[in-house]
Structure formats: C-alpha cells, structure tokens
Amino acid sequence: MAVAEKQTLGFQAEIKQLLQLMIHSMYSNKEIFLRELISNASDAADKLRFEAIHNAALHENDAELKIRVTFDQAARTITISDNGIGMSRDEAIEHLGTIARSGTKEFFSKLSGDQQKDAALIGQFGVGFYSAFIIADKITVESRRAGLPAAEGVRWESAGEGDFSVEAIDKAARGTDITLHLREGEDEFLSSWKLKSIIRRYSDHISLPIQMQKEEWDEEKKATVLKDELETVNQASALWARSKSDITPEQYEEFYKHVSHDFQAPLAHTHNRVEGRSEYTQLLYIPAHAPFDLWDRNKRGGIKLYVKRVFIMDDAEQLMPVYLRFVKGVIDSADLPLNVSREILQESRDVKVIREGSTKRILSMLEDMATADEQEQRDKYASFWTEFGQVLKEGIGEDAGNKERIAKLLRFASTHNESDVQTVSFDDYIGRMKEGQDKIYYATAESHAAAKNSPHLEIFRKKGVEVLLLTDRVDEWMLSFLQDFDGKELVSVAKGDLDLGKLEDEAEKKQHEETEASYKDLVDKMKTALADKAKEVRVTFRLTDSPACLVADENELSGNLVRMLKAAGQNAPESKPILEINPDHPLVQRLKYEDARFGDWSHILFDQAALAEGGALADPAGFVKRLNEMLLAMASK
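Numbering follows UniProt numbering, with no gaps: position 588 of the sequence shown is 588.
And the structure:
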C-alpha cells in the first residue's frame, strides 16, 4: 500500500471565483454536471487512444474503453468512472486546482452580475469538472495515469470552499473515478431512471459505451433492484459517422455542446461526407454567440481532428482559416496517417483539400442563410453578422480565392437609413445607385455618429447618393484589399479630389471652374498661412453646410486610419492633410476681405475641420485662444 502524507493546497484565486459564480448562476440547470463529467471521460479515452498509437503498452491489457456511471443511495454518492488516460499527482493538481488557459482575465472582466448572462458566459468558458459542485458538497477523485505503477495513484478531494487535498493511493486500474457526495436536497439524482434519462438526453452521441447496472423487478421486495450485469445506455457510435436521417435536431444540438463546451444551441450546422481525391466527414457548427475570447490571438481553432474515428487532436487550426476561427465541430479523415502531427498537417496536400472544402462549405451555409426566401433564415444571418461580421471581414485580406464570395456576405450601415445596424450589402447598394453613378462611396470613422455627421457627406446627401458608413476597426485594413466590387470602384468620400462623374452636369462643372478661378488668390494666401499644417488648400464642392473639411491625398492613409495607428501605439507615416474650403459659406466669403486677422481665421477653419472629423488638435490651447479673441472682437463691434 502506498504511504504518503496528505497535502492540502489552495485553489487558484480564479477557481474560487468561478465556483461561487457557477453554483449560483447555473443552479437552474443542474443536470449539466453529468454531461460535463461524461464529456471529460470521453476526452480522456480519446487521449489514451492517441498516445497508444505510439505506445500500445498504455492499454495495460484493457483495450476496451468505456465509461461507467453508478450510484449509492445509502451513501448518497454518484460515481463516474473511465479507463482513459488518467492523471498523475502533478496533473491532478494542475488540471483540478488551476485554470491554465489564455483569456481567463478577459472572461472574468465580462461577468456582469446578471445570473442568466453570466451562466451563458461560464458555459462558453467551459466549466467541465467544476460543474459537479452544483450538486455536490464534496468531490473525491481517484486516478492513475496509464503507464504508471499502481502505487502512483492519486486521491484528490475538495469541498469546493477554497482548498483541496492530494495524497498517494494504490490504484490497480488506470483511469479516473469521480465520486460526488451530494448536497442535501439533491437525492433526485440517486435514481437509475433519472441518470439514464440525462445520459440519453445529453450524451447519447458519445462514441464510447456509457454503462450502468441493469435493473429488474423483485417480486418479493415489490421494488426495482440493481443487478450485477451492466448495460450500455447510449448508442455508443460516433455521431458524425451516422446517417443524417438517423440523427435528431436535439442530438445535433447536444453534440455541439459537447465539442464546443457552449451551453447554448448553435445557430446552424452542416454535416457531410465528402468523397473524391480525399475522403473525409465534416460536422461543422456556427455558434449563436461570439465567445468571450474571439479576439485572443493565441487561441487555436475549434475543430477536432479524427482519423478513421480515432481522435488525433483538439483545435486543429490547419483545418480552417483564421477568419473562420469561430467554427466548431469535427472532421474525420479517411486518408491521413494515425501518427499525424501538427507539422505534418501544415505540409499535407490532403489537409489543404480538407481546409478548402470545409471553408467553402461554411461560406455556402452563410450564403444560403443570407439569400434565403424565408425571413427566419435571413434573421439568422443578421444575427450571425452581429456576432461574427468583423471576423468575417478579415477573410477579404486572408483568403484571396474566396474574396468575391466573402464580399457578397459583407454588411454595412449606410446613409440609406438612420440605424447603426449593419444590414446593407454591396448588392443592395448597387441596386439603389443613381443613374450615371459608377462608384461605390464610403466613409470611415471611429463611430456611427461620427461617420453619419461627417461634413464629407454633404454633397452626397444633396444629390441623394447613398454612402456606406464603415466604423469597425478592421474596415480600414479590409479596404486595402478590396478596391472594387462587381466592376465598381470603392471610393472614400474623404480622400483625393472629388469626382462625381456623370452625377455632375456640364453646367455645374463650368460653374465650379469659374468659382475656383475667383478664389485663387484666397487659396494661395491660405496656403502660406497654413504652410506648417496643410499640404494644400483648395476650393471644394463636396460641402454644402460646413465651411471647410480635411481630406487625405489619394495615395496616403486616411485620417481615421492614422488616428487608429497612433491610438494603438504604432508609427504612422507623417503627412499633412489637404484643407478644402466651401466657397458658398459666409465664413469663407468673409475671409476674402479679411486682412488683420487672416492667419487666425485660417487656423480656426483648419482646426474646426480637424475636430469635425474626430481628430485631435496639436495645439488645443492655441485654438481656444484664437477663437476667444475672435469672439471678443466680434462682440465689441
């Protein structure tokens, strides 16, 4: 018998916080503890299968992997056992006492105190083992890692209140036994019928047999009694390997929750067997909500890779492009070798085929939703876009082969309505283009309000020309890869000289030329006054209400992008903007006859234009001083 002193250790601070949140937020859905523990047991079996590919001795003459669920009414305990990979002492301390994953800090920062919302977030985070504390006031875990001697078993025990104990034990069989000591009032789970119904509801898709003791009616006792014989409660076959016609919507939903650790139903799924040069089965899901760590750059993908139904690895990022990192599911290849590694995946032609095929399958699913006749499906796409639209935009720059398909799926806000909801597609925009319009116009800004109220939109509103309003941080980057759509150039309303093409008639063009000539002296004088601020000063006809605006030169970064780069601590190329003045505005007209304070007036117009587009002033105190002096001078007249 192994002899070792029992050691008491404290939970990581995050574990303590998670336990308290989970017990209070998820108490209304207590049944999930069994789903989570069976899911962990299934993962442990998968890991043993994978390691045994290289070391068959790990099977220890017990190659039939299974999960067993038992209960003891007298002791008020439930035990979930598996003969999977098991844990060593160090692994038990690491896996059960700490959360060693990226995104933990962000997860806790998003908790709101609203039990219903927090429950959904906790589900995304993946509570796994700790869900057992919802119904148990003490948990005992006995485990031995495959390959270690029997004397190196470990017992882990905790009441979930801040600490846990570990001690060495003798454990003849590899694997893990988790015993839940139930809280008062939880005796409903000490029932064969109750446990079987939970397993069939939540874990029927598990490919391992989940076994329980058989029951029979005892006529003498007039009661149901348990027999020594075991029976398999679930179907015990890989869900993705079954025919689609044999799988219910509820089974698809529960399998999604198993692979994603999400407590909510998915938005959509696709299940296909692909045959040809490469044979594989894909069961892929789009979640209904973005996970809290969607923007974690260190996060791997959400695809589990199997080869001939043997688990190979979690998070096989090579099977799905980064911009589709929200996709969850399983891909089972018939062609890859069982000893495939991440390095081999990067070089494999079969993996490239699977990646391309899976990408196209997801894009097809999104296209079907976006263009469906049924309003319910279009509403689903709108929901998808709200959650994942910014990530999908990354595909414009990352996936040249599917750029046109992705562009059709993009949605934007626009001047067509006052809402900041992104519902307008490029096809919608083109369908509303004015006669003679051959360009797609857009404005970028840090917020919808800033874009909607930009002075650059004034001439477009006057002519009834729609402008797309782009306010996501990814938009500026995306636009560097997207210069046109359906043969129509994308044009920023805040860059370069305004060219409305056929939207301007010959009379307007002639009048503009005459006006520019009459303001030449004023423009030259302002260029001199603003030589340290403005690259150029020129008359504009894009303004109808504002006196001036700033624009970037055609081949330079937009003002919005420069501000974003500086806010992120990155260096932005130094360049001066162009100041455009509105010849019809009273302030500009007055400036033609101003001598004494011409320089101050010019600087005020420039600074106002910078503020109007959301910029920051290099010398705000100087602006305030000039403005106050101008106001006092006007008041004294």
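Where a beta carbon is used, it is the ideal one built from N, C-alpha and C, also for glycine.
Continuous alpha helix (DSSP H) stretch holding residue i: start and end
{"i": "I362", "result": "R349 to T371"}
{"i": "F384", "result": "Q375 to K393"}
{"i": "Q589", "result": "P586 to L591"}
{"i": "L550", "result": "That residue, L550, is in no alpha helix (DSSP H); its beta strand (DSSP E) goes A548 to V551."}
{"i": "V523", "result": "K520 to A529"}
{"i": "residue 654", "result": "Coverage of the chain is limited to positions 1 through 637, which leaves residue 654 absent and any answer about it impossible."}
{"i": "N40", "result": "I32 to H54"}
{"i": "P321", "result": "Premise fails: P321 is in no alpha helix (DSSP H) and is neither H nor E."}
{"i": "V259", "result": "P249 to S260"}
{"i": "A92", "result": "R89 to G97"}
Sheet register partners of residue i (DSSP bridge)
{"i": "N272", "result": "Q282"}
{"i": "V330", "result": "L283 and K304"}
{"i": "W217", "result": "T224"}
{"i": "E536", "result": "I578"}
{"i": "E142", "result": "R155 and D177"}
{"i": "Q211", "result": "R68 and T232"}
{"i": "S558", "result": "According to DSSP, which records beta bridges pairwise, S558 is partnered with nothing at all."}
{"i": "A413", "result": "L469"}
{"i": "A136", "result": "L182"}
Distance between residue j and residue i (C-alpha atoms, nearest Å)
{"i": "A618", "j": "L530", "result": "14 Å"}
{"i": "D373", "j": "K380", "result": "12 Å"}
{"i": "I199", "j": "L190", "result": "14 Å"}
{"i": "T359", "j": "E215", "result": "48 Å"}
{"i": "F485", "j": "M320", "result": "25 Å"}
{"i": "F481", "j": "D475", "result": "10 Å"}
{"i": "N402", "j": "I396", "result": "8 Å"}
{"i": "Y593", "j": "E398", "result": "54 Å"}
{"i": "A100", "j": "F71", "result": "Note that A100 has pLDDT 46, beneath the 50 cutoff, so the model's placement of it is unreliable and no number is given."}
{"i": "A526", "j": "R590", "result": "Here residue 526 turns out to be Met, not Ala, going by the sequence shown. Each residue's Cα considered, the two are about 13 Å apart."}
{"i": "D332", "j": "Q282", "result": "7 Å"}
{"i": "I312", "j": "Y306", "result": "5 Å"}
{"i": "I78", "j": "K304", "result": "30 Å"}
{"i": "L522", "j": "H512", "result": "16 Å"}
{"i": "V551", "j": "G614", "result": "13 Å"}
{"i": "E161", "j": "D137", "result": "9 Å"}
{"i": "G128", "j": "S243", "result": "29 Å"}
{"i": "residue 640", "j": "Q422", "result": "This structure does not reach residue 640, given that the chain is present from 1 up to 637, and the question cannot be answered."}
{"i": "L632", "j": "W601", "result": "14 Å"}
{"i": "L392", "j": "F384", "result": "10 Å"}
{"i": "L226", "j": "E356", "result": "52 Å"}
{"i": "A92", "j": "L490", "result": "57 Å"}
{"i": "H54", "j": "I344", "result": "16 Å"}
{"i": "I406", "j": "L363", "result": "8 Å"}
Proximal residues to residue i (C-beta, below 6 Å), its chain only, five neighbours per side dropped
{"i": "A236", "result": "P209"}
{"i": "V141", "result": "W156 and I178"}
{"i": "E536", "result": "I578"}
{"i": "G10", "result": "D163"}
{"i": "L587", "result": "P547"}
{"i": "G175", "result": "D82, N83, G84 and G86"}
{"i": "V3", "result": "Here V3 scores only 46 on pLDDT, less than 50, and its place in the model should not be relied on; the value that follows carries that caveat. Correct list: empty, nothing qualifies."}
Range covered by the beta strand (DSSP E) that runs through residue i
{"i": "D228", "result": "A223 to T232"}
{"i": "Y306", "result": "G302 to V307"}
{"i": "G153", "result": "G153 to S158"}
{"i": "T77", "result": "T77 to D82"}
{"i": "V69", "result": "I67 to D72"}
{"i": "F311", "result": "V310 to M313"}
{"i": "G401", "result": "Counting along the chain, G401 falls outside any beta strand (DSSP E), and DSSP gives it neither H nor E."}
Sequence-distant residues of the same chain with beta carbon closer than 8 Å to residue i, five excluded per side
{"i": "Q251", "result": "D204, H205 and L239"}
{"i": "I67", "result": "I38, A41, S42, A45, I80, S81, D82, I206, L208, P209, I210 and Q211"}
{"i": "V493", "result": "Y441, Y442, A443, S454, H456, L457, F460, V467 and R542"}
{"i": "H603", "result": "A529, L530, K533, G622, F623 and R626"}
Cut-off 7 Å between Cβ atoms - residues of its own chain near residue i, not counting five sequence neighbours on either side
{"i": "S278", "result": "D335, D350, V353 and I354"}
{"i": "Q346", "result": "Q318"}
{"i": "K576", "result": "K533, A534 and K535"}
Minimum Cβ-Cβ distance from residue i to chain B less than 8 Å
{"i": "L409", "result": "Absent from the structure is chain B; it holds one protein chain and no more."}
(request) Identify every run of the alpha helix (DSSP H) within the segment 424-511, keeping only runs that are complete inside it and at least 4 residues long; order them along the chain. (result) For the segment 424-511, whole alpha helix (DSSP H) runs of length 4 or above, ordered along the chain, are 426-431, 448-452, 458-463 and 474-479.
(request) Would you list, in sequence order, the uninterrupted beta strand (DSSP E) runs of no fewer than 3 residues that lie entirely inside the segment 145-194? (result) Entirely contained in the segment 145-194, the beta strand (DSSP E) runs reaching 3 residues are, in chain order, 153-158, 163-169 and 175-182.
(message) For a minimum of 3 consecutive residues, which ranges assigned as the beta strand (DSSP E) are wholly contained in the segment 589-625?
(response) Runs of the beta strand (DSSP E) inside the segment 589-625: none found.
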